[in-house]
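Visitor: Supplied in structure tokens, the structure appears directly below.
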Amino acid sequence: MPKLRSFLVVLMKRIAAFCHGQQLIVPAIFFAIFGIWQFVINEWSWEAFWRNPWTSSFPYISTALLFLAVQIVLAARDLNRQIAAEKEADKPRIIGAEQEKPSKAPGRVIGSLFVLFVLALETLALRAAYPAIRLPVPPPAPGLPTLEPVPRSVSVPGGAAQKQLDEAAPYCYLSIKTGAIVMEHYPTQLVVINPSKEAVMATTAIMRNGTGPLFQRTLHPNPNDESIDRPLQEPIPLALGTVVPGTADLLFGIAPGTYTFEIGTLDHKSITENIQIVHRNGEWLQVLEVYRDSKLVYSTPKPPDQPDISLSVNNIKDPILSLENISRLLLKDPYYKVVLWRLSNRTAEPLEWSGALQGSWIRAKERLGPIHLRAQPPFTTDEELFGYAIVTCPECADTKAFNIAIRIGVKGWYSQLETGMFPWSTETFIRSMPWAVNDIPTRSNEDRKQIYEMPLY
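Heads up, the sequence shown is in the working numbering, so the first residue is 287 and it goes up one at a time.
Take a look at the structure:
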């Protein structure tokens, strides 16, 4: 204990001398240059810092620990010199008596333990800054490993209270590559997985909505170098073709967030999939929900304590949209997409409004808005609009879809679609719809809300 106390005293004196002297200029200049460089290339932002402060702080932490390790080694050397000086001062005065040389073990042992402690701190900081992703393992298929999370049991209409859905019909879904390292704002490669025992005659996978862009991956000419990822301004269909049992790489990627894909098949049985890559407890998790014919056929457990989003539509004369946080948690980076058709010209391209409001947030039980739904030419009184809206956020528990029907200046309504229902066939429905928008029959268990003339806040 006396030697440990002496080592700590020597170490504190060395650190004080290092900070007081001109040696501190070196790390200070490094920190300043590195911080300016991160700011210039937009790698540093308050948003990214609050999501995971370890990632932004790791270069500074690792450099500080490196300098601390150097001071520990020098302090161990100074301790051995101090012990030798004390031994020399206590040297006996008898002529001819031999004096044992002081051992260097105390300084070396104490210094080594402190260096190992610093290295352990460095490892923990690295793990917190760049956590590895834990991916769900797909259901077994020929030639694949048999490790498999059991899909959630879901209620089957007209069946027993809780039973597994029949998964005999072949299907496929998208995932991110197993073992990939996930980093915020950086894309991770997509793969297509067929857990069935026979091939799926798929056509394309279309990203219907997402909190981030779709990235196209280009293989580097040198196989030892990383691939090149390029964000696409507009998502393009992912050609799948015949998907055989197993896993196949796609030359596309997505960044952490929430996405919805529609996978078409030759038998016209659409597959809709919700993909979420979310950060929880120092690691990245992937959450999947795969629906076939409006039935959940595969899913992975959701993390607890996720925010939840909804919307409201108001002002029948000049429609506006408001995003609402219906949970008790802070909701960050909300996303919305509204698609409406003018029923006066049902074959024309629909009107679209969308936005990934990065950097925005909504407190618990509060709203964000108004978001004006305006077009050119402007809407006129008695004009009828029908379509849908989708709202979500990178960490939200669910992606929600709503039907919206408006007769400008007269009356309108909106309602949330039930779980497993998706609005991808809205255009087909509109072209053959015989009713006025306010006369569309109500679905079973549908909860329609009226659009009022003035927004409610």
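All C-beta atoms in this analysis are idealised placements derived from N, C-alpha and C, irrespective of residue type, glycine included.
Assuming the contact rule is C-beta atoms closer than 8 Å, Pro605 and Leu643 should be a hit. Round their C-beta distance to whole Å, please.
Guide: Position 319 of the sequence shown, counted from the first residue, corresponds to residue 605. Position 357 of the sequence shown, counted from the first residue, corresponds to residue 643. About 19 Å separates the two Cβ atoms, so there is no contact after all.
Visitor: In chain order, what residues of the same chain lie with their CB nearer than 8 Å to the CB of Arg734, ignoring the 5 residues before and after it?
Guide: As a working mapping, residue 734 is identified with position 448 in the sequence shown. Answer for Arg734: Trp699, Tyr700, Ser701 and Thr728, listed in chain order.
Visitor: So, at 7 Å on beta carbons, what are the nonlocal neighbours of Arg394 in its own chain, with the 5 sequence-adjacent residues on each side left out?
Guide: Translated into positions along the sequence shown, residue 394 becomes position 108. Here the set comprises Ala362.
Visitor: Can you give, in chain order, each stretch of the beta strand (DSSP E) that sits fully within the stretch 681 to 731 and has at least 3 residues?
Guide: The stretch 681 to 731 contains these whole beta strand (DSSP E) runs: 686 to 693 and 697 to 702.
Visitor: So who's on the other strand from Gln618, going by DSSP bridges?
Guide: For the purposes of this step, residue 618 is taken as the residue at position 332 of the sequence shown. Rather than Gln, the amino acid found at residue 618 in this sequence is Lys. Note: Lys618 sits in a beta bridge opposite Trp647.
Visitor: In angstroms with no decimal places, state the Cα-to-Cα distance between Val468 and Ala687.
Guide: Taking the sequence shown and counting its residues from 1, one reaches residue 468 at position 182. Taking the sequence shown and counting its residues from 1, one reaches residue 687 at position 401. Approximately 28 Å, taken between the alpha carbons.
Visitor: Leaving out five residues before and five after Leu518 in sequence, what residues of the same chain have Cβ atoms less than 8 Å from its Cβ?
Guide: Position 232 of the sequence shown, counting from 1, holds the residue named residue 518. Excluding sequence neighbours, Leu518 sits near Pro499, Leu500, Phe501 and Gln502.
Visitor: For Ile595, which residues does DSSP report across the bridge?
Guide: Here residue 595 refers to the residue found at position 309 of the sequence shown. Paired residues: Asn611.
Visitor: Where Pro749 and Leu405 are concerned, what is the direct C-alpha to C-alpha distance, given to the nearest angstrom?
Guide: Since the first residue of the chain shown is 287 and the last is 743, residue 749 is not available in this structure.
Visitor: Looking at the strands, I want to know which residues DSSP matches up with Gln502.
Guide: Sequence index remark: in the sequence shown, residue 502 carries index 216 (1-based). Arg516 and Phe538, per the DSSP bridge assignment.
Visitor: If you measure between the beta carbons of Tyr621 and Glu559, is that distance less than 7 Å?
Guide: Sequence index remark: in the sequence shown, residue 621 carries index 335 (1-based). Sequence index remark: in the sequence shown, residue 559 carries index 273 (1-based). Not a contact, by the Cβ cut-off of 7 Å.
Visitor: Answer with buried or exposed for Gln736, where buried requires no fewer than 16 other C-beta atoms within 10 angstroms of its C-beta.
Guide: If you number the sequence shown from 1, residue 736 lands on position 450. Flag for Gln736 reads exposed.
Visitor: Mind checking which residues open and close the beta strand (DSSP E) that includes Thr474?
Guide: By 1-based counting over the sequence shown, the position of residue 474 is 188. Where Thr474 is concerned, the enclosing beta strand (DSSP E) stretches over Thr474 to Asn480.
Visitor: Check Pro422 in the structure and name its three-state DSSP category.
Guide: What you label residue 422 is simply residue 136 of the sequence shown in a count that begins at 1. Its pLDDT being 49, under 50, Pro422 is placed unreliably in this model, and the value from its coordinates should be taken loosely. If DSSP states are grouped into helix, strand and coil, Pro422 belongs with coil.
Visitor: Classify Gln662: buried if its beta carbon has 16 or more other beta carbons within 10 angstroms, exposed otherwise.
Guide: In the sequence shown, the residue the question calls residue 662 occupies position 376. Gln662 should be labelled exposed.
Visitor: Asp684 to Thr409, Cα distance in whole Å?
Guide: Locating residue 684 in the sequence shown gives position 398, where the first residue counts as 1. Locating residue 409 in the sequence shown gives position 123, where the first residue counts as 1. If you take the alpha carbons of Asp684 and Thr409, they lie about 35 Å apart.
Visitor: Looking at Thr551 and Gln562, is the spacing between their C-beta atoms short of 7 Å?
Guide: The residue given as residue 562 occupies position 276 in the sequence shown. The residue given as residue 551 occupies position 265 in the sequence shown. Contact: no.
Visitor: Would you verify that the beta carbon of Leu290 is, or is not, closer than 7 Å to some beta carbon of chain D?
Guide: Absent here is chain D; the protein component of the structure consists of one chain.
Visitor: Leaving out five residues on either side along the sequence, give the residues of the same chain with a beta carbon under 6 Å from the beta carbon of Leu297.
Guide: Residue mapping note: residue 297 aligns to position 11 of the sequence shown, counting from 1. Ala361, listed in sequence order.
Visitor: Provide the residue span of the beta strand (DSSP E) that contains Gly496, from first to last.
Guide: As a working mapping, residue 496 is identified with position 210 in the sequence shown. Here the beta strand (DSSP E) through Gly496 covers Val486 to Gly496.
Visitor: Please report the Cβ distance between Gly706 and Ser580, rounded to the nearest whole angstrom; I am assuming they are in contact, meaning their Cβ atoms lie under 8 Å.
Guide: What you label residue 706 is simply residue 420 of the sequence shown in a count that begins at 1. What you label residue 580 is simply residue 294 of the sequence shown in a count that begins at 1. Yes, Gly706 and Ser580 are in contact; Cβ-Cβ is about 4 Å, under 8 Å.
Visitor: Grouping DSSP H, G and I as helix and E and B as strand, with all else coil, what is Lys623?
Guide: In the sequence shown, the residue the question calls residue 623 occupies position 337. Strand.
Visitor: Return the residue from the list Ala455, Arg494, Thr678 and Met487 that minimises the CA-CA distance to Lys618.
Guide: Here residue 618 refers to the residue found at position 332 when the sequence shown is read from its first residue. For the residues Ala455, Arg494, Thr678 and Met487, the minimum Cα distance to Lys618 belongs to Thr678.
Visitor: Compare the beta carbon distance of Val478 and Val529 with 7 Å and say whether it is the shorter of the two.
Guide: Indexing the sequence shown from 1 puts residue 478 at position 192. Indexing the sequence shown from 1 puts residue 529 at position 243. Closer than 7 Å, so yes.
Visitor: Can you grab the Cα-Cα spacing for the pair Ser348 / Ala318, in whole Å?
Guide: Looking up residue 348 in the sequence shown gives position 62. Looking up residue 318 in the sequence shown gives position 32. When rounded, the distance between both Cα atoms is 15 Å.
Visitor: For Ser640, which residues from the same chain have a beta carbon less than 6 Å from its beta carbon, with the 5 sequence-adjacent residues on both sides left out?
Guide: Translated into the one-based positions of the sequence shown, residue 640 becomes position 354. Here the set comprises Lys623.
Visitor: Take the Cβ of Ile315 as the centre, count every other Cβ of all protein chains shown within 10 Å, and call the residue buried at 16 or more, exposed below.
Guide: Here residue 315 corresponds to residue number 29 of the sequence shown, with the count starting at 1. It counts as exposed.
Visitor: Taking the straight line between their C-alpha atoms, what separation do you get for Leu615 and Tyr577?
Guide: Along the sequence shown, read from residue 1 onward, the residue named residue 615 stands at position 329. Along the sequence shown, read from residue 1 onward, the residue named residue 577 stands at position 291. Looking at the two C-alpha atoms, the distance is approximately 28 Å.
Visitor: Under DSSP, the beta strand (DSSP E) around Tyr642 begins and ends at which residues?
Guide: Numbered from 1 along the sequence shown, position 356 holds the residue referred to as residue 642. A small fix is needed here, since residue 642 is Ala in this sequence, not Tyr. Start and end: Leu637 to Ala642.
Visitor: Taking the alpha carbon of Pro523 as the point to measure from, which residue in Ala534, Asp515 and Phe538 has its own alpha carbon closest?
Guide: Taking the sequence shown and counting its residues from 1, one reaches residue 523 at position 237. The shortest C-alpha separation from Pro523 is found at Phe538.
Visitor: Can you say whether Gly568 is buried or exposed, counting buried as having 16 or more other CB atoms within 10 angstroms of its CB?
Guide: As a position in the sequence shown, residue 568 is number 282, starting the count at 1. Looking at its Cβ environment, which holds fewer than 16 other Cβ atoms inside 10 Å, Gly568 is exposed.
Visitor: Just to confirm the assignment, what range does the beta strand (DSSP E) spanning His658 have?
Guide: Residue 658 sits at position 372 when you count from the first residue of the sequence shown. Counting along the chain, the beta strand (DSSP E) containing His658 begins and ends at Arg653 to His658.
Visitor: Beta carbon of Ile358, beta carbon of Val401: below 7 Å?
Guide: Within the sequence shown, residue 358 is the residue found at index 72, counting from 1. Within the sequence shown, residue 401 is the residue found at index 115, counting from 1. Yes, Cβ-Cβ distance for Ile358 and Val401 is below 7 Å.
Visitor: Go ahead and pull the three-state DSSP assignment for Thr409.
Guide: The sequence position of residue 409 within the sequence shown is 123, counting from 1. Residue state, collapsed to three classes: helix.
Visitor: I need the straight-line Cα distance from Ser513 to Val573, nearest angstrom please.
Guide: Locating residue 513 in the sequence shown gives position 227, where the first residue counts as 1. Locating residue 573 in the sequence shown gives position 287, where the first residue counts as 1. Answer to the nearest angstrom: the Cα atoms are 25 Å apart.
Visitor: Flag this pair as yes or no: are the beta carbons of Ala371 and His471 separated by less than 7 Å?
Guide: Translated into the one-based positions of the sequence shown, residue 371 becomes position 85. Translated into the one-based positions of the sequence shown, residue 471 becomes position 185. Not closer than 7 Å, so no.
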